[in-house]
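Asks:
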Amino acid sequence: MDWYTLAFPSADIFNKIKEFEKRGDYNSHLDDCDPAGSLPVTAKFPYVPGSWLRFVYWFRHVYFLNGFTKGLNKKIYHTRIEGREKLDLVKGAIITCNHYNIYDGLVAKWVFGKKPLKIMTADFNNRDGLLGKWMRASGIMPFSTKREIVASFTKAVEHHLKHGTSILFFPEGSEWWCYEKPRPLMDGAFHYAVANNVPVVPMFVTFSLPSEQKEGSKENSVVLKNKDGIEMRNFTVHVLDPIYPDPNLKKKENVQMMKEKNAQVWKETYEKIYKKKLSY
Numbered sequence: 144m145d146w147y148t149l150a151f152p153s154a155d156i157f158n159k160i161k162e163f164e165k166r167g168d169y170n171s172h173l174d175d176c177d178p179a180g181s182l183p184v185t186a187k188f189p190y191v192p193g194s195w196l197r198f199v200y201w202f203r204h205v206y207f208l209n210g211f212t213k214g215l216n217k218k219i220y221h222t223r224i225e226g227r228e229k230l231d232l233v234k235g236a237i238i239t240c241n242h243y244n245i246y247d248g249l250v251a252k253w254v255f256g257k258k259p260l261k262i263m264t265a266d267f268n269n270r271d272g273l274l275g276k277w278m279r280a281s282g283i284m285p286f287s288t289k290r291e292i293v294a295s296f297t298k299a300v301e302h303h304l305k306h307g308t309s310i311l312f313f314p315e316g317s318e319w320w321c322y323e324k325p326r327p328l329m330d331g332a333f334h335y336a337v338a339n340n341v342p343v344v345p346m347f348v349t350f351s352l353p354s355e356q357k358e359g360s361k362e363n364s365v366v367l368k369n370k371d372g373i374e375m376r377n378f379t380v381h382v383l384d385p386i387y388p389d390p391n392l393k394k395k396e397n398v399q400m401m402k403e404k405n406a407q408v409w410k411e412t413y414e415k416i417y418k419k420k421l422s423y
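Numbering (my numbering), first residue to last: 144 to 423.
#1: In terms of residues, what are the limits of the alpha helix (DSSP H) holding residue 329?
#2: Am I right that residue 313 and residue 398 are in contact with their C-beta atoms under 8 Å? What's the rounded C-beta distance?
#3: Considering only residues of the same chain and omitting the five flanking positions on each side of residue 337, which have a CB-CB separation below 6 Å?
#4: Hey, residue 325 and residue 413 are a contact pair by Cβ (cut 8 Å); roughly how many whole angstroms apart?
#5: Looking at C-beta atoms only, is the number of pairs between the region 255 to 268 and the region 282 to 297 that lie closer than 8 Å three or more?
#6: Given that a residue counts as buried once 16 or more other Cβ atoms are within 10 Å of its Cβ, and exposed if not, what is residue 376?
#7: Can you confirm whether the region 219 to 235 touches the region 191 to 209 when touching is taken to mean that 3 or more C-beta pairs between the two stretches lie within less than 8 Å?
#8: I think residue 386 touches residue 342, with their Cβ atoms under 8 Å apart; what is that distance to the nearest whole Å?
#9: Could you give the DSSP three-state label for residue 219: helix, strand or coil?
#10: Can you tell which of 347, 161, 322, 362 has the C-alpha that lies nearest to the C-alpha of residue 381?
#11: Could you check which residue in 383, 219, 323, 159 has the C-alpha nearest to that of residue 233?
#12: Using the rule of at least 16 other Cβ atoms within 10 Å of the residue's Cβ for burial, across every protein chain shown, is residue 202 buried or exposed?
#13: Check this for me: beta carbons of residue 181 and residue 267, under 8 Å apart or not?
#14: Label residue 154 either buried or exposed according to how many other C-beta atoms from any shown protein chain fall within 10 Å of its C-beta, with 16 as the threshold for buried.
#15: Can you tell me whether residue 391 is buried or exposed? The criterion is at least 16 other CB atoms within 10 Å of its CB, across all chains shown.
#16: With DSSP run on the structure shown, which of helix, strand or coil describes residue 270?
#17: Nearest by alpha-carbon distance to residue 322: which of 205, 148, 152, 146 is it?
#18: Go through its chain and collect everything with a Cβ distance to residue 271's Cβ below 7 Å, but skip five positions before and after it.
#19: Between the Cα of residue 409 and those of 241, 254, 317, spot the shortest distance and give me the residue it belongs to.
#20: If you drop the 5 nearest sequence neighbours on each side, which residues of the same chain put their C-beta closer than 8 Å to that of residue 150?
#21: Rounded C-beta distance between residue 167 and residue 235? I'm assuming under 8 Å.
#22: With distance defined between alpha-carbon atoms, name the residue in 330, 371, 222, 184 nearest to residue 351.
#23: Just to check my reading of the structure: residue 335 and residue 237 have Cβ atoms closer than 8 Å, yes? What is that Cβ distance to the nearest angstrom?
#24: Count the other C-beta atoms from every protein chain shown that fall within 10 angstroms of the C-beta of residue 206, then say buried if there are 16 or more, exposed otherwise.
#25: Closest to residue 190 by CA distance: which of 423, 301, 373 is it?
#26: Using DSSP bridges, identify the partner residues of residue 284.
#27: Enumerate, from N- to C-terminal direction, the unbroken alpha helix (DSSP H) stretches of 4 or more residues contained entirely within the region 175 to 237.
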């Protein structure tokens, strides 16, 4: 299987987005989340893998994931990174990012380089088969609202943050392929930041069309299209300033404050890059 083809959307993606926009539903999944092909997530999921499993994951990185991630970011997305140095300001943070592609977690991994990063995902992303093996090796932390799983997940978040591993959250809640506008944010990422007294580092990814690159531009101008004629975008990852909890605020106030600041810097980045006001 050509795993790179999964980076492209279905032919009806833009019509689906328009339908959801019309009804003001910006956080729902565009497609039904079919649990078929997914493994059940239990409290025994290896959120903190032991030594043998770490070796297995390391092998899968060496054998496949490292090369695939490099090819994805250099040849498919032509990923550019701005502000990467801001990651040096923190160790063990909550990372937020807009949710725009099936492989956006691997884009974040590319940004982090050798810095450790875990990826919070929905439970249906605990896939069966080879794809699931690659995803678990990449560091996914599937979340479920079942009480015993929430407890295991929460304990693992605390463990990783204390040991200097950052955790990526997608607070928009659902993937909308290369959707330019920042969408309303949910509380989860900010709840875990406040609970563990760590900063949030917002990342916002913007897109450009290779076919529209001006002569002399440093961006990629090689056009890649799928069988439906949909052109792949170039990605630019903007790593923004860390947002810290305020020790003078109560927990709920801190969650709200950090969420609002995150939304504001995403909005500012959107308006700066696309040169237009954010409106819905």
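Yeah, the Cβ is synthetic: ideal placement off N, Cα and C, and Gly gets one too.
No experiment lies behind these values; they were computed from the predicted model shown.
Replies: Working from what's here:
#1: In the sequence shown, counting from the first residue as 1, residue 329 sits at position 186. Careful: residue 329 lies outside any alpha helix (DSSP H) and carries neither H nor E.
#2: As a working note, residue 313 is residue 170 in the sequence shown. As a working note, residue 398 is residue 255 in the sequence shown. Between residue 313 and residue 398, the beta carbon gap of about 17 Å keeps them out of contact (Cβ cut-off 8 Å).
#3: As a working note, residue 337 is residue 194 in the sequence shown. Excluding residues up to 5 positions away in sequence, 388, 394, 397, 398 lie with their Cβ nearer than 6 Å to the Cβ of residue 337 in the same chain.
#4: Residue 325 sits at position 182 when you count from the first residue of the sequence shown. Residue 413 sits at position 270 when you count from the first residue of the sequence shown. Indeed they touch by this definition, with Cβ atoms about 6 Å apart.
#5: Below 8 Å, enough C-beta pairs join the region 255 to 268 and the region 282 to 297 to call them touching: three or more.
#6: As a working note, residue 376 is residue 233 in the sequence shown. When all chains shown are included, residue 376 counts as buried.
#7: The region 191 to 209 vs the region 219 to 235: no contact.
#8: As a first step, residue 386 is located in the sequence shown; it is residue number 243 there, counting from the start. As a first step, residue 342 is located in the sequence shown; it is residue number 199 there, counting from the start. The C-beta separation of residue 386 from residue 342 comes to about 6 Å, placing the pair in contact by the 8 Å criterion.
#9: Along the sequence shown, one-based indexing puts residue 219 at 76. In the three-state DSSP reduction, residue 219 falls in the helix class (H, G or I).
#10: Counted from its first residue, the sequence shown places residue 381 at position 238. If you compare the alpha carbons of 347, 161, 322, 362 with that of residue 381, the shortest gap goes to 347.
#11: As a working mapping, residue 233 is identified with position 90 in the sequence shown. Out of 383, 219, 323, 159, 383 has the C-alpha closest to the C-alpha of residue 233.
#12: Here residue 202 is taken as the residue at index 59 of the sequence shown, counted from 1. Residue 202 is classed as exposed because its beta carbon has fewer than 16 other beta carbons within 10 Å across all chains shown.
#13: Position 38 of the sequence shown, counted from the first residue, corresponds to residue 181. Position 124 of the sequence shown, counted from the first residue, corresponds to residue 267. It is a contact, given that the beta carbons lie within the stated cut-off.
#14: Within the sequence shown, numbered from 1, the residue matching residue 154 stands at position 11. Residue environment: residue 154 is assigned as exposed (fewer than 16 neighbouring CB atoms within 10 Å of its CB, all protein chains considered).
#15: By one-based count along the sequence shown, residue 391 stands at place 248. Sixteen is the threshold: since fewer than 16 other Cβ atoms of the shown chains lie within 10 Å of the Cβ of residue 391, the residue is exposed.
#16: Along the sequence shown, one-based indexing puts residue 270 at 127. Reduced to three states, the DSSP call for residue 270 is strand.
#17: Here the question's residue 322 lines up with position 179 in the sequence shown. Comparing Cα-Cα distances from residue 322 to each of 205, 148, 152, 146, the minimum goes to 152.
#18: Residue 271 sits at position 128 when you count from the first residue of the sequence shown. These residues qualify, in order along the chain: 180, 181, 182.
#19: Taking the sequence shown and counting its residues from 1, the one referred to as residue 409 is at position 266. Closest option to residue 409, judged by alpha-carbon separation, among 241, 254, 317: 241.
#20: If you number the sequence shown from 1, residue 150 lands on position 7. Taken in chain order, the residues that qualify are 215, 219, 220, 244, 245, 246, 375.
#21: For the purposes of this step, residue 167 is taken as the residue at position 24 of the sequence shown. For the purposes of this step, residue 235 is taken as the residue at position 92 of the sequence shown. In this structure residue 167 is not in contact with residue 235, their Cβ atoms being roughly 36 Å apart against a cut-off of 8 Å.
#22: Numbered from 1 along the sequence shown, position 208 holds the residue referred to as residue 351. It is 222 whose Cα lies nearest to the Cα of residue 351.
#23: Within the sequence shown, numbered from 1, the residue matching residue 335 stands at position 192. Within the sequence shown, numbered from 1, the residue matching residue 237 stands at position 94. That belief holds up - the Cβ atoms of residue 335 and residue 237 are roughly 6 Å apart, short of 8 Å.
#24: Locating residue 206 in the sequence shown gives position 63, where the first residue counts as 1. Burial is judged here by how many other beta carbons sit within 10 angstroms of a residue's own beta carbon; residue 206 has fewer than 16 and is exposed.
#25: Here the question's residue 190 lines up with position 47 in the sequence shown. Ranking 423, 301, 373 by Cα distance to residue 190 puts 301 first.
#26: In the sequence shown, counting from the first residue as 1, residue 284 sits at position 141. Residue 284 is bridged to 263.
#27: With a minimum length of 4 residues, the continuous alpha helix (DSSP H) runs that stay inside the region 175 to 237 are 194 to 203, 209 to 214.
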